[in-house]
Amino acid sequence: MNKELVEILKLYSTGTHEELSSYLVGKSKDTLIGILVDLITMYINDKNSSMVREFITVMFAGYTHREKKIGYNGFKQDAFSGKTVNCEAKPKNVDTNSKSPDKLKGYGNFSDYRFARLEKDKHEDGLNMLVSGFIDGRLIYIFEFPFSSPPFVKNLESQLEARFPKGKDITNEYLRSASFDYRDFIDCQQLKVIYLTSKKELENYKQYIVRDFYKFLEGKAK
101 MNKELVEILK
111 LYSTGTHEEL
121 SSYLVGKSKD
131 TLIGILVDLI
141 TMYINDKNSS
151 MVREFITVMF
161 AGYTHREKKI
171 GYNGFKQDAF
181 SGKTVNCEAK
191 PKNVDTNSKS
201 PDKLKGYGNF
211 SDYRFARLEK
221 DKHEDGLNML
231 VSGFIDGRLI
241 YIFEFPFSSP
251 PFVKNLESQL
261 EARFPKGKDI
271 TNEYLRSASF
281 DYRDFIDCQQ
291 LKVIYLTSKK
301 ELENYKQYIV
311 RDFYKFLEGK
321 AK
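Quick note, in the numbering used here, the sequence shown goes up one by one and the last residue is 322.
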């Protein structure tokens, strides 16, 4: 970690506001830029905190981000109806410096899922999914589609049915992770490409993207 950043973190957590301000004022512009870049890089690649990636995803799609962990991740007003439209963002980051780097595949999941939650999400008027992928904090894609898309819902239903064979929730029991990937939404008729990196840059990251998903992205990239 940047030595200057280490000192700033120490002052922030143990010193006074005046001490921190005095330390920062004494630094050059280039030093401050370097510190900021290091901080952003560290935060956006943190596998235990996806808030920055979530914010970027929601913002790019034109929604206002909700910082609270409970509820949907973002909202906006429909230009025609005036109704509030919510979104659920599922960002995924691949850290190429890890011992066994994962690969992007349009993956996302819902923790502690139940039939009741699925029914709520299915009937939430205008709820959209935002699925994004990052590699070392670099944004690769963002896709948007209605949560109610049949293939997407069917995938979640099948996982719930496997966990709850009787087809209904059991008190205090959950499906710990209801997951999905690109195969569950790429055929959605209302699929929108919110952001997709260039074909040239995409090629540089080919080894970190599942083969068939890469072909799909390549076909849409410019």
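Here a beta-carbon is modelled for each residue, glycine too, at the ideal position from N, C-alpha and C. Given the structure is predicted, the values throughout are model-derived calculations rather than measurements.
Item: So does the segment 235 to 245 actually touch the segment 287 to 295, counting three or more Cβ pairs closer than 8 Å?; Value: yes
Item: Quick one: using the 10 Å Cβ neighbour count with 16 as the cut-off for buried, is M142 buried or exposed?; Value: exposed
Item: Using beta-carbon positions only, say whether K192 and G171 come within less than 8 Å of one another.; Value: no
Item: Hey, quick one: how far does the alpha helix (DSSP H) through Q177 stretch, first residue to last?; Value: Not the alpha helix (DSSP H): Q177 falls in the beta strand (DSSP E), residues G174 to Q177.
Item: What is the rounded straight-line gap between the Cα of R276 and the Cα of Y308?; Value: 26 Å
Item: Should L218 go down as buried or exposed, given a rule of 16 or more other Cβ atoms within 10 Å for buried?; Value: buried
Item: Distance check for P201 and D107, CA to CA, integer angstroms please.; Value: The residue you asked about is not Asp; residue 107 is Glu in the sequence shown. If you take the alpha carbons of E107 and P201, they lie about 31 Å apart.
Item: Starting from V253 and walking both ways along the alpha helix (DSSP H), at which residues does that stretch end?; Value: P250 to R263
Item: On the CB-based measure, 16 or more other CB atoms within 10 Å of its CB, does F83 come out buried or exposed?; Value: With the chain represented from 101 up to 322, any question about residue 83 goes unanswered, as that position is not in the structure.
Item: Indicate whether R311 and D269 have their beta-carbon atoms separated by less than 8 Å.; Value: no
Item: For L239 versus I140, is the C-beta distance shorter than 8 Å?; Value: no
Item: Among K205, R283, G182 and F180, which one has its Cα closest to the Cα of K254?; Value: R283
Item: Quick check on DSSP: helix, strand or coil for T184?; Value: strand
Item: Quick one: grab the DSSP three-state call for S211.; Value: strand
Item: Assuming contact is defined by CB atoms lying nearer than 8 Å, are D281 and K205 in contact in what I supplied?; Value: yes
Item: Cβ of C187 within 8 Å of Cβ of L230?; Value: yes
Item: How would you call L136, buried or exposed, if buried means at least 16 neighbouring beta carbons within 10 angstroms?; Value: exposed
Item: Got a sec: is the Cβ-Cβ distance from V125 to anything in chain D below 8 Å?; Value: Within the model displayed, chain D is absent; a lone protein chain is all it includes.
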